[in-house]
Each structure stands twice: as C-alpha cells, then as structure tokens.
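This report concerns only the one structure given below.
There are 2 protein chains.
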Amino acid sequence: MAATVRRKPKGAYHHPDLEGALTAAAVRTIRERGVDALTLRDIGAQLGVSRTAIYRHFKDKSALLAQVALEGFRMFRHALTSAADEARARAADPIEEMGVAYVGFALENQSHYRTMFGDAFECAEEYPGLAAEGGAAFDVLLGAITEEQAVSGIGAGFDPLELAHIFWAGVHGIATLAMAGQLGPGGKGKPEQLCRLQARILRAGLRAGLNPAPGTASDAR
Amino acid sequence: MAATVRRKPKGAYHHPDLEGALTAAAVRTIRERGVDALTLRDIGAQLGVSRTAIYRHFKDKSALLAQVALEGFRMFRHALTSAADEARARAADPIEEMGVAYVGFALENQSHYRTMFGDAFECAEEYPGLAAEGGAAFDVLLGAITEEQAVSGIGAGFDPLELAHIFWAGVHGIATLAMAGQLGPGGKGKPEQLCRLQARILRAGLRAGLNPAPGTASDAR
DNA sequence: ACCTGAACACCGTTCAAGT
DNA sequence: ACCTGAACACCGTTCAAGT
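Keeping their order, the protein sequence lines are chains A and B.
For the record, in the first sequence the residue sitting at position 182 is 212 according to the numbering used here, with numbers rising by one throughout.
For the record, in the second sequence the residue sitting at position 64 is 94 according to the numbering used here, with numbers rising by one throughout.
Written out as structure tokens, the structure reads:
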C-alpha cells in the first residue's frame, strides 16, 4: 500500500487524480441535470481540462459510465452486506432490512443507480467487471435467502434463486417507481414503508405455503 | 365514423397518414436498433420524407416519443382489462392473470414499454394525456384488488393503494429485469413462471395475515 | 397546407501536433 | 506521458423559401 508512491511527473497536472475527478464530475452532473445532460465537453470544462483529455483515461463515454456503474455496485454491495449483518446482530429480518437498504441506496444515489441499471447494464458483456460486481451484489441477497431457508425453514420448499429474483424484482420495482414519483407524494418515508410491507407479505406467504389458486388451469402437473 | 371522409389535398403526399407512419417507424426503429438509434433524420429517410417534415405533426422529438408512449398505454390498458375479464370468466385469479399479461405485454412490446416507462415517463407533466392513460391502466389493477378484497376478503385489512403499488412494483421489476436478461437464460417462459409464483406468494401472505416479524424494532406503536 | 434545403448550435471521436 | 486544437461526421431544431 504505502510502498507505491506515485511520483509526480514534471508536466503540470490540472488534477492529481483526473480519472477519479472525471467519474465524480459525471456522478454530480447526472444527479444535478440528468444523464442526457452528461457531456464530455461539459465535464472537461468543469474540470478545467480539454474535452478530449478524457480519452487518456477512458476508452470512450460509455466506459466512463461503466466506471460510474462499477463504483455504484461496490457501494451497493457494501450497503446490502452491512444491512444484513446489522439485522442479524439485532435478530431482525435480514431480508426485510436488505430490501430497505436496497431502496434507500437507490433513492440516495440515483445517479449511480440509474447508471448501474441503465444502458451500461444492457451491454454488460463489454465490461466484465460490471457483471461480476452486479453478481456479487445479487449473491448477498441470494445468500440471505438460503440462510433463512436453512435457519428458520421459511420458504424451504422453494428454489432460492427464484425467491431471490422475486425479492429483487420487488425492491427494484419499488425503487424505480419511487424515483419516477409514481408512489404518491409521500416523500422518502413511503418507499421504505412499502418495502417493509412487501417483505412481510412475502414472508407470511412463504411461511403459510401455497395452496393452489382457485382456478389454476394450465400448470397442474 | 364513416361520415368524415378525408379529402385528399391536391399536393402530393408521400404518406396518407404521415403522423401514424412516423410513430410506427419510431416503434420499429426502437425495437430493431434501440432508443438511442432513434433519429429524426433516419425516420424521415425511412419514410422518404424530409427530416424536418416531422415538425408539421409533432412539436419536437420528445412529443413523438410521448405519442409512442400514449399508444403503448392504450394497448397496455386493454391487455390488462381483457386479462382480468377473462380470468373472472373462468374463475381464475384476476390479479395473477393481470400480472402475467403485464409482463407479457412488456416483453412483447419492449419498444412501447421502454418508452412508456423511460424518459417520457419522467416528464409526464408536459403531456397530460400520458399521465391520464397511465393512471387509467393503474386503476385497472387497483380495481381488481379492491374487488378481491370485497369478494374474497383477501387482504381486506390493507390499504388497497399500497397493495396495488406492491403488485405493480413486482411485475414492473420482473418485466425490466427480464428485458435486461437478468432472470437467467430461461427465455420467455421464465418470467411468466416467476410472475405466477410471485402472485401466489403474495396472495398466500395476504390470506395468512401478518404476524409481526421476530425482531421488529422501530415501528411498534 | 404541407414540405424542403440551408443554416445554426450542438454532440462524440480522431488525430497530428505540442510540451 | 499527458494534454491540446482543429477537424470530421453526426445530432435536433429553426426558418425563409418553395409548391
């Protein structure tokens, strides 16, 4: 760590860490003016740097966005992990608390979240680190579910991967709808409340088990 | 209906219904090459029309996208309504079938769905018709939930609006994650299966009722 | 009325040139 | 090594001009 001291080159740098400054400026711009307003020229101007200087640090604009997404996934995974750990420490439901942390992260870091699950998400194969970090974040949720199955037996008869997908879809849906202002004017408290309610209904449903719906036609086997 | 016969003007029209052709071309382009590839110049070229001809029919590019979204919401509401009606006719769960129809619509009409819940969704206040159509589609879901509360008593103790938000978030989450290819390589059958499982777990949870989670700390009152 | 072509103010990206 | 300025091929949008 302390062994590698970056020797400052002779040329005058505008920024000691231009790469970090570029991603930070990107995050700030997205937050303040939206993704569409993100312009390499504007970022360069913000940093007092030529508009082509970015190409020294990133292959192109989407690589910069991928870096924002990667940074987001790292923060994201940490938020989920510590929420689950803290819940376990006070004997709360780790899955419910992870859901609250999920939605809270999305709402507090909308720039990162939008970038994580926006265009960069679609073409993740170009940035293998992205898919890996996203998978690691998902594994935190998957781990909590398998643990719950083993410890309390809740949902033990279900495929944990399917349960994880359902929980993910639920919190992702709440987060995106809340960001779009579709969950009413409740403000920030509403999404968390909704998130808790969702987790508890799902938990109760898993505990109770599924009796076949009254008129299920196609999938009796 | 048949009373208003549009008299063809003397000037030579490239398209009898340029407005409809423009939105159709937009939908097709989004489906085939993504929203970012949607270009007024390209659409004009596709239709053999000047790239500024569109301004005779739409205020700007976002108005064209709003039209695509509006068209999408109308088809969407119809799909939801008929799914619920059909479910009632054969005594199936209307909510589960609406969820399947929701996800199915999203996957079969990704151009429309992405536009409906994309940028146009954010600035819906500029296009009041959009918000109205979106609200009408949501009301189909809300109505099915209040009906279920009244008829079968399931979830009767809950705020129907909160339940509707939770169901919406669930199916919206499944739809968007499926579109992003995040629900595994299962193909088209997987999202529907997940959707049914989610609806049944939620239903079972509402039927069973919520006993307080083991270590709920903050919200005892 | 409807459409066109040129023009304007923007983009991302490339590249030879500077230090 | 790192950064710059000019240049290129694109955008959306405006507007005077055509029929």
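The beta carbon of each residue, even a glycine, is placed where N, CA and C say it ideally should be.
Here the structure is a predicted model, which means the values were calculated and not measured.
Please compile the residues from chain B whose C-beta is within a distance smaller than 7 Å of the C-beta of residue i.
{"i": "A/Ala83", "result": "None at all; the shortest Cβ gap to chain B is about 25 Å."}
{"i": "A/Glu49", "result": "Those within 7 Å of A/Glu49 in chain B number zero; the least Cβ separation is about 25 Å."}
{"i": "A/Gly159", "result": "Result: empty, since nearest Cβ-Cβ is about 17 Å, beyond 7 Å."}
{"i": "A/Leu95", "result": "None at all; the shortest Cβ gap to chain B is about 12 Å."}
{"i": "A/Gly102", "result": "Correct list: empty, because the minimum Cβ distance to chain B is about 15 Å."}
Can you pull the chain B residues whose beta carbon is under 8 Å from the beta carbon of residue i, in chain order?
{"i": "A/Gly200", "result": "Ile196, Ala199, Gly200, Gly203, Gln228"}
Would you mind telling me which residues of chain A sit closer than 9 Å to residue i, beta carbon to beta carbon, in chain order?
{"i": "B/Thr206", "result": "Phe147, Ala199, His202, Gly203, Thr206"}
Kindly give me the distance between the Cβ atoms of residue i and residue j, rounded to whole angstroms, as I take these residues to be in contact under 8 Å.
{"i": "A/Tyr143", "j": "A/Gly102", "result": "7 Å"}
{"i": "B/Gly235", "j": "A/Ala234", "result": "4 Å"}
{"i": "B/Phe106", "j": "B/Ala194", "result": "15 Å between Cβ atoms; not a contact."}
{"i": "A/Phe151", "j": "B/Ala210", "result": "6 Å"}
{"i": "A/Ala67", "j": "B/Ala238", "result": "Not confirmed; about 48 Å, so no contact."}
{"i": "B/Leu100", "j": "B/Leu160", "result": "6 Å"}
{"i": "A/Val133", "j": "A/Ala208", "result": "7 Å"}
{"i": "A/Thr53", "j": "A/Val98", "result": "6 Å"}
{"i": "B/Arg63", "j": "B/Gly74", "result": "Actually they do not touch by this definition, with Cβ atoms about 16 Å apart."}
{"i": "B/Glu178", "j": "B/Ile125", "result": "6 Å"}
{"i": "A/Lys220", "j": "A/Leu137", "result": "Actually they do not touch by this definition, with Cβ atoms about 10 Å apart."}
{"i": "A/Leu94", "j": "A/Ile84", "result": "7 Å"}
{"i": "B/Arg109", "j": "B/Leu77", "result": "Residue identity differs from the one stated: residue 109 of chain B is Ala in this sequence, not Arg. Wrong, their Cβ atoms sit about 28 Å apart, outside the cutoff."}
{"i": "B/Phe20", "j": "B/Gly129", "result": "Because chain B in this structure spans residues 31 to 251, residue 20 of chain B falls outside the shown range and cannot be described."}
{"i": "B/Glu155", "j": "B/Arg104", "result": "Wrong, their Cβ atoms sit about 20 Å apart, outside the cutoff."}
So which residues on chain B does residue i lean against when the C-beta distance must stay under 9 Å?
{"i": "A/Leu236", "result": "Ile231, Ala234, Gly235"}
{"i": "A/Leu240", "result": "Leu227, Arg230, Ile231, Arg233, Ala234"}
Since residue i meets chain A, which of its residues come closer than 7 Å, beta carbon to beta carbon?
{"i": "B/Gly192", "result": "Note on residue identity: the sequence assigns Glu, not Gly, to residue 192 of chain B. Residues of chain A passing the Cβ test: Leu224, Leu227."}
{"i": "B/Leu213", "result": "His195"}
Taking 8 Å as the cut-off, does the segment 132-149 of chain B touch the segment 53-71 of chain B (at least 3 CB pairs, one atom from each stretch)? yes
Examine the Cβ distances between the segment 203-219 of chain A and the segment 186-204 of chain B and report whether three or more of them are shorter than 8 Å. yes
The segment 166-187 of chain A: which residues have C-beta closer than 9 Å to a C-beta of chain B, in chain order? Phe168, Ser182, Gly185
Indicate whether the contact test is met: 3 or more Cβ pairs, each with one atom in the segment 215-229 of chain A and one in the segment 182-191 of chain A, closer than 8 Å. no
Any chance the segment 165-184 of chain A sits against the segment 107-114 of chain A, with 3 or more Cβ pairs inside 8 Å? yes
Closer than 7 Å, Cβ to Cβ, to anything on chain B: give me those residues from the segment 120-151 of chain A, in chain order. Arg120, Ala121, Ala122, Asp123, Glu126, Phe151
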